[in-house]
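S.K.:
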Amino acid sequence: MATGAIASLLPKLFELLKEEYGLQKGVRDKIESLSRELEVAQALLRKVGDVPWEQVDELVRLWARDVREASYDMEDIVDEFLVHIDAPEPTEPHMLRRLRKKMGKLFKKSMARRKISTMIQDIDNKLKEVEARHKRYTVQNIPDKQMASATTTDPRLNHLYNMAAELIGIERPMDDLINKLSLGVDDGHEKRKVVSVVGCGGLGKTTLAKAVYNQLSSRFDCTAFVPVGQNPDVKKVIRDILIGLDDEKYMYYKLNGLDSYQLMCKLEKFVKEMSLLASKPREDWSDIYNSIGFGQEDNGDVDNTRRILSFSYYDLPQHLKSCLLYLGVFPEDHTIEKNSLIWKWIAEGLVSDEEQAEARVGLFELGEQYFSELLNRSMIQPDSIRSLYYTDSCRVHDMVRDLIHSLSGDGMFITVLDGGDQQQKLGKGSIARRLALRRVEVHNGGMLANINIDKVRSLVASQCKFRASWPRIPVLRVLAMLDSHVEEDSGEGVLDHLGSLVHLRYLRLELENTNITKLPREVRYLKFLQKLDLWRSCDIEELPEEVGLLKQLVCLRVSSVGTRIPTGVIGKLTSLQELWMKPNPAAAMQFVKELGLLRELRVLWSVIDVTGHSMERALLESLGNLHNIRELDIQGKSCHDKGGCGTSDSAESVSGQNLRYVRLHCFVFSGLPAWIHWSRAPTLSYLELYVLAVKEEDMETLARLPELCCLKLHLRDKRFVTIKMPS
28 MATGAIASLL PKLFELLKEE YGLQKGVRDK IESLSRELEV AQALLRKVGD
78 VPWEQVDELV RLWARDVREA SYDMEDIVDE FLVHIDAPEP TEPHMLRRLR
128 KKMGKLFKKS MARRKISTMI QDIDNKLKEV EARHKRYTVQ NIPDKQMASA
178 TTTDPRLNHL YNMAAELIGI ERPMDDLINK LSLGVDDGHE KRKVVSVVGC
228 GGLGKTTLAK AVYNQLSSRF DCTAFVPVGQ NPDVKKVIRD ILIGLDDEKY
278 MYYKLNGLDS YQLMCKLEKF VKEMSLLASK PREDWSDIYN SIGFGQEDNG
328 DVDNTRRILS FSYYDLPQHL KSCLLYLGVF PEDHTIEKNS LIWKWIAEGL
378 VSDEEQAEAR VGLFELGEQY FSELLNRSMI QPDSIRSLYY TDSCRVHDMV
428 RDLIHSLSGD GMFITVLDGG DQQQKLGKGS IARRLALRRV EVHNGGMLAN
478 INIDKVRSLV ASQCKFRASW PRIPVLRVLA MLDSHVEEDS GEGVLDHLGS
528 LVHLRYLRLE LENTNITKLP REVRYLKFLQ KLDLWRSCDI EELPEEVGLL
578 KQLVCLRVSS VGTRIPTGVI GKLTSLQELW MKPNPAAAMQ FVKELGLLRE
628 LRVLWSVIDV TGHSMERALL ESLGNLHNIR ELDIQGKSCH DKGGCGTSDS
678 AESVSGQNLR YVRLHCFVFS GLPAWIHWSR APTLSYLELY VLAVKEEDME
728 TLARLPELCC LKLHLRDKRF VTIKMPS
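Residues are numbered in this note's numbering as their position in the sequence shown, beginning at 1, plus a constant of 27.
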């Protein structure tokens, strides 16, 4: 939120300085000057982002808003130039027509160079105008992060610490903690003991710790319980708190019969009090609902809870703040797929190229690190949906979701329009860079009428109804339609303007009652497209040959059964990291051979009927070239299904160093493959294979796989072995 598009814009400006783009020296000098200005602005915006929004001076907020908006506009200009300067070569077979198109392309390049010179001058003027308007604001005018919060003590303490005696069922975990501290006279009582109580927000960790403190304080001559706030005042801290972190989980227990009875007694009293609402009007019910949840903006309890959670938010590094806020585009209680989320982050420029270079990993791997850090900080909650024994999806707790919406609104990071909220209004000409639609009927136009559609960079629609002739959105980068509906018999029209979305990085269509059978050939103009997801609700009969021109495509998902693929298309997509596809059986052999060219592939999901030994050998050879593969899931029939000696595996069949998940139904192995070994697949957690027989040494090998959590072996004699280890 804090830096707008500056993080992704700066590398592009440096790219433009290369001689190959043919910009005049004066223009290059102007770009260098702009880059220096933006680097300073980025540092100041980061400083602003470290301060709670309500503590930032109003004029500083306006300055930050103006700089962010200017950065978005400038990135749009640079991207438009890059599209025109490096457009795909004409594919017209007729020589004269091809020559005419090539001349037209050269003319467009010349026009693009002149246009960007003018536009960069306009942006420079705009930044100077912003600088002149806010010249008096320097670093000293922005509150320092250390001094930002006047609160040094977590506000929960004043209310929660005195409630421990009233909590039902606290005795058992409290006694367990006391035993862990080993405070007996004969048990090394003079040694310092540290026990960590960990878990996601709201479990009562602090209350439990205070209850233990109250229980033990009488055993000591002097005691102190010292809360340390987000920004502690060291003058008020009596002593340092040393926290030892370990991997041991603290297990909570079900209530026993007595505790359950006491809880029911309290619930009975609560129900009697709430029954008074039966004779009250609906408005009173809404007030009670809002006081329990987060539906009312002026609710004091809501504000206090947000303030508490904001401590965790402002402790995040700058890049994680933006990634967390982006989760606001998803509807409530939505299961968020990890891979899909990370590709969105990348498409939005939230995963930094600069940090990628420093970490020496790919953008996706860096995004995975972001995801894991948010999990570890309990800002998101794991919610695996494919029964893999590692986290591949998440949810956002309602409290965190409410904080996200509050912060996103303050910083204009995301604009959420909910068709169920008839009171929601936007001023005419409102700018919404990232637009999340929920239950909106777009053909009514009421909620969208006041939005400047030319500025929208991201559109995520959930449970919406669309017309086929929806408006052109010229700088759109992310388009995701989830559980949405398009007017009857007009599904193909959704893609009418696809070729004009030249800035598009991410496209996901998940439409109900919509028959999309083909992609337009204009898909070739989507030079920046990184993810093309037609996994649900689209029945693509054939991929156009132009898909092979999408050199930046890293994720392709097509769910149609038997999709025809022109020869060579898959092999040209050498940047692919994820491929989900069910190829046409008639061309399966060609598909298998081209798989071996996708050396960057991390995830492969497919349905392939292996019809003979030659295809079997070709598939094993292709899989052996996938040195980065992590998830390998190929269903289908094996040529050994009706008998035979089974697949003869070579030691180099699959490169397993990064393997996490393997499910292969298209082979019947004679025994455990040699590449299933603890030294070659150290991260393997899920394994499902068809084998003729399993030897004792095979089971010993499987037992030594350090992260294996689920094993399924289908044996020829109809036996089925399933072993699940606790994760």
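Ideal Cβ positions, reconstructed from N, Cα and C, are used throughout, including at glycine.
1) Quick one, which of Asp481, Ser511, Ala507, Ser485 has its alpha-carbon nearest Arg494's?
2) Can you tell me which residues form a DSSP beta bridge with Thr590?
3) Which residue from Glu59, Ala91, Leu61, Leu50 puts its Cα closest to that of Phe440?
4) So, does the segment 372–379 touch the segment 30–42, judging by three or more C-beta pairs under 8 Å?
5) Kindly indicate which three-state DSSP category Cys693 falls into: helix, strand or coil?
6) For the segment 345–365 against the segment 538–551, are there 3 or more C-beta pairs whose distance is under 8 Å?
7) Could you check the C-alpha separation between Arg707 and Ser682 for me, to the nearest Å?
8) Just checking my contact of Cys693 with Val637 at CB under 8 Å: how many whole Å lie between their CB atoms?
9) Indicate whether the contact test is met: 3 or more Cβ pairs, each with one atom in the segment 475–486 and one in the segment 48–61, closer than 8 Å.
10) Quick check: the Cα distance between Leu243 and Gly231, rounded to an integer number of angstroms?
11) With C-beta atoms as the reference, is Arg690 less than 9 Å away from Leu659?
12) Looking only at its chain, what residues have a beta carbon closer than 6 Å to the beta carbon of Leu509, apart from the 5 residues adjacent to it on each side?
13) For my contact list, Leu740 and Ser712 are in at a C-beta cut-off of 8 Å; report their separation, rounded to the angstrom.
14) Return the bridge partner residues of Ser511 from the DSSP annotation.
15) As a quick exercise: from Val221, Leu553, Leu646, pick the residue whose alpha carbon is nearest that of Glu107.
16) DSSP state of Cys737, grouped into three classes?
17) If you measure between the beta carbons of Asp445 and Arg460, is that distance less than 9 Å?
18) Alpha carbon to alpha carbon, how far is Ile104 from Val388?
19) Considering only the alpha carbon of each residue, which of Glu385, Pro700, His704, Ser144 lies closest to Gln684?
20) Please report how far the alpha carbon of Leu714 lies from the alpha carbon of Arg199, in whole angstroms.
21) Given a cut-off of 9 Å, decide if Leu528 and Pro501 are closer than it, judged by their beta-carbon atoms.
22) Under a three-way DSSP split, which group does Phe493 fall into?
23) Excluding the five sequence neighbours on either side, which residues of its own chain have a C-beta within less than 7 Å of the C-beta of Thr594, listed in chain order?
24) May I ask you to report which of helix, strand or coil DSSP gives Trp562?
25) Which class does Glu648 belong to by DSSP, given the choice of helix, strand or coil?
26) Can you look up Cys666 in the DSSP assignment and give me helix, strand or coil?
27) Please check the pair Leu561 and Gln579, which I expect to be a contact at CB under 8 Å, by giving their CB distance rounded to whole angstroms.
28) Does DSSP classify Glu627 as helix, strand or coil?
29) Within its chain, find whatever has a CB closer than 6 Å to the CB of Glu605; leave out the 5 residues flanking it on each side and keep chain order.
30) With the cut-off set at 9 Å, would you say Met406 and Ser339 are in Cβ contact?
31) Within the same chain, show all residues whose beta-carbon is closer than 6 Å to that of Ile147, passing over the 5 residues directly before and after it, in chain order.
32) Between the alpha carbons of Tyr164 and Val110, how many angstroms are there, rounded?
33) Is His524 near the ligand COA, in the sense that its beta carbon is under 8 Å from a heavy atom of that ligand?
34) So the alpha helix (DSSP H) Lys348 belongs to, where does it begin and stop?
35) Provide the residue span of the alpha helix (DSSP H) that contains Asp202, from first to last.
36) Please name the residue in Glu42, Arg63, Cys350, Val157 whose C-alpha comes closest to that of Val87.
M.R.: Checking against the coordinates, here is how it stands:
1) Counting from one through the sequence shown, the residue named residue 494 turns up at place 467. Looking at the Cα atoms, Ser511 is the closest of the given residues.
2) Taking the first residue of the sequence shown as position 1, residue 590 is located at position 563. Answer by DSSP bridge pairing, in chain order: Pro610.
3) Position 413 of the sequence shown, counted from the first residue, corresponds to residue 440. The residue with the shortest Cα to Cα distance from Phe440 is Ala91.
4) yes
5) The residue labelled residue 693 in the question sits at position 666 within the sequence shown. Correct three-state label for Cys693: strand.
6) no
7) Locating residue 707 in the sequence shown gives position 680, counting from the first residue. Locating residue 682 in the sequence shown gives position 655, counting from the first residue. Computed Cα separation, rounded: 8 Å.
8) Counted from its first residue, the sequence shown places residue 693 at position 666. Counted from its first residue, the sequence shown places residue 637 at position 610. 5 Å between Cβ atoms; contact.
9) no
10) Counting from 1 along the sequence shown, the entry for residue 243 is found at position 216. Counting from 1 along the sequence shown, the entry for residue 231 is found at position 204. Taking the straight line from one Cα to the other gives about 19 Å.
11) What you label residue 690 is simply residue 663 of the sequence shown in a count that begins at 1. What you label residue 659 is simply residue 632 of the sequence shown in a count that begins at 1. It is a contact, given that the beta carbons lie within the stated cut-off.
12) Locating residue 509 in the sequence shown gives position 482, counting from the first residue. Within the same chain, Leu509 has close Cβ partners Ser489, Glu537.
13) To locate residue 740, count along the sequence shown from 1; it is residue 713. To locate residue 712, count along the sequence shown from 1; it is residue 685. Between Ser712 and Leu740 the Cβ distance is about 16 Å, and since that is not below 8 Å, they are no contact.
14) The residue given as residue 511 occupies position 484 in the sequence shown. BP columns for Ser511 point to Leu538.
15) Sequence index remark: in the sequence shown, residue 107 carries index 80 (1-based). Ranking Val221, Leu553, Leu646 by Cα distance to Glu107 puts Leu553 first.
16) Against the sequence shown, residue 737 aligns to sequence position 710. Correct three-state label for Cys737: strand.
17) For the purposes of this step, residue 445 is taken as residue 418 along the sequence shown, with counting starting at 1. For the purposes of this step, residue 460 is taken as residue 433 along the sequence shown, with counting starting at 1. Against a cut-off of 9 Å, the Cβ pair of Arg460 and Asp445 comes out as no contact.
18) Along the sequence shown, one-based indexing puts residue 104 at 77. Along the sequence shown, one-based indexing puts residue 388 at 361. In a straight line, the C-alpha of Ile104 is about 29 Å away from that of Val388.
19) Numbered from its first residue, the sequence shown carries residue 684 at position 657. Ranking the options by Cα distance to Gln684, first place goes to His704.
20) Mapped onto the sequence shown, residue 714 falls at position 687. Mapped onto the sequence shown, residue 199 falls at position 172. Near 39 Å, if we compare the C-alpha coordinates of Arg199 and Leu714.
21) Mapped onto the sequence shown, residue 501 falls at position 474. Mapped onto the sequence shown, residue 528 falls at position 501. Contact: yes.
22) Counted from its first residue, the sequence shown places residue 493 at position 466. Note: Phe493 maps to strand in three-state DSSP.
23) Position 567 of the sequence shown, counting from 1, holds the residue named residue 594. Cβ within range, chain order: Gln617.
24) Start at 1 with the first residue of the sequence shown, and residue 562 comes out as number 535. Looking at Trp562 - three-state DSSP - the assignment turns out to be strand.
25) Indexing the sequence shown from 1 puts residue 648 at position 621. Three-state DSSP puts Glu648 in a helix.
26) By 1-based counting over the sequence shown, the position of residue 666 is 639. Coil, per DSSP.
27) In the sequence shown, residue 561 corresponds to position 534, counting from 1. In the sequence shown, residue 579 corresponds to position 552, counting from 1. Wrong, their Cβ atoms sit about 18 Å apart, outside the cutoff.
28) Walking along the sequence shown from the start, residue 627 turns up at place 600. Note: Glu627 maps to coil in three-state DSSP.
29) Taking the sequence shown and counting its residues from 1, one reaches residue 605 at position 578. Excluding sequence neighbours, Glu605 sits near Cys582, Val630.
30) Sequence index remark: in the sequence shown, residue 406 carries index 379 (1-based). Sequence index remark: in the sequence shown, residue 339 carries index 312 (1-based). Contact flag set, yes.
31) Residue numbering aside, residue 147 sits at position 120 when the sequence shown is read from its first letter. These residues qualify, in order along the chain: Lys57.
32) Residue numbering aside, residue 164 sits at position 137 when the sequence shown is read from its first letter. Residue numbering aside, residue 110 sits at position 83 when the sequence shown is read from its first letter. Because Tyr164 sits at a pLDDT of 49, beneath the cut-off of 50, its placement in the model cannot be relied upon, and the point is left open.
33) Ligands in the displayed structure: none, and consequently the ligand COA is not present.
34) As a first step, residue 348 must be located in the sequence shown, where it is residue number 321. Its alpha helix (DSSP H) spans residues 345–353.
35) In the sequence shown, residue 202 corresponds to position 175, counting from 1. Run containing Asp202: 198–207, per the alpha helix (DSSP H) assignment.
36) Reading the sequence shown from its first residue, position 60 is the one you call residue 87. Residue Val157 is the option with its Cα nearest to Val87.
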